[in-house]
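Chemist: Residue numbers (this note's numbering): 93 to 209.
The beta-carbon is built from N, C-alpha and C at its ideal position, and this holds for glycine as well.
Quantities reported herein were computed from a predicted structural model and do not represent experimental measurements.
Next up is a structure, given as structure tokens.
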């Protein structure tokens, strides 16, 4: 068993290549030798969002606070709120982030495939 205490891992600024606006990433857990999943809590300031992207094994988001938006390629923008769970299929092109006027935080969980998440 391993217990990872909240706040034990340093926060990181979201890289400009992946995000627009101010984004903070707080790692929750990293993949281990016997697992392929990793997770982080990601906080988007108002108007901040990811770039369009995909994940080879899909991605699950769990909204924990604020108000956000998600969109898959070719689809409408959807509003997301605390408690909402969003699943993107493998290689489904999408983006997610805060609404224009309110910050949003979600937990993001994804699995590694051939070294890519």
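1. What runs of the beta strand (DSSP E), each 3 residues or longer, lie entirely inside the region 106–184?
2. Quick one: what's got a C-beta closer than 6 Å to residue 122's C-beta in the same chain, skipping five residues either side?
3. Which residues does DSSP pair with residue 202 in a beta bridge?
4. Between which residues of its own chain and residue 162 is the CB-CB distance below 6 Å, once the five residues before and five after are set aside?
5. What did DSSP end up calling residue 195 once you bin it into helix, strand or coil?
6. Going by C-alpha distance, which of 127, 136, 126, 152 is nearest residue 111?
7. Who are residue 208's beta bridge partners in DSSP?
8. Is it buried or exposed, residue 145, if we count other Cβ atoms within 10 angstroms and call 16 or more buried?
9. From the DSSP output, in three-state form, read off residue 99 for me.
10. Are residue 167 and residue 197 touching if we call contact CB-CB under 8 Å?
11. Whose C-beta lies closer than 7 Å to the C-beta of residue 139 among residues of the same chain, with five residues either side of it excluded?
12. Do residue 148 and residue 53 count as a contact pair if the criterion is CB distance below 8 Å?
Modeler: Here's the rundown:
1. 115–121, 129–136, 151–158, 160–164, 170–172, 177–180
2. 130
3. 130, 151
4. 170, 172, 178, 188
5. coil
6. 136
7. 205
8. exposed
9. coil
10. no
11. 113, 190, 192
12. Coverage of the chain is limited to positions 93 through 209, which leaves residue 53 absent and any answer about it impossible.
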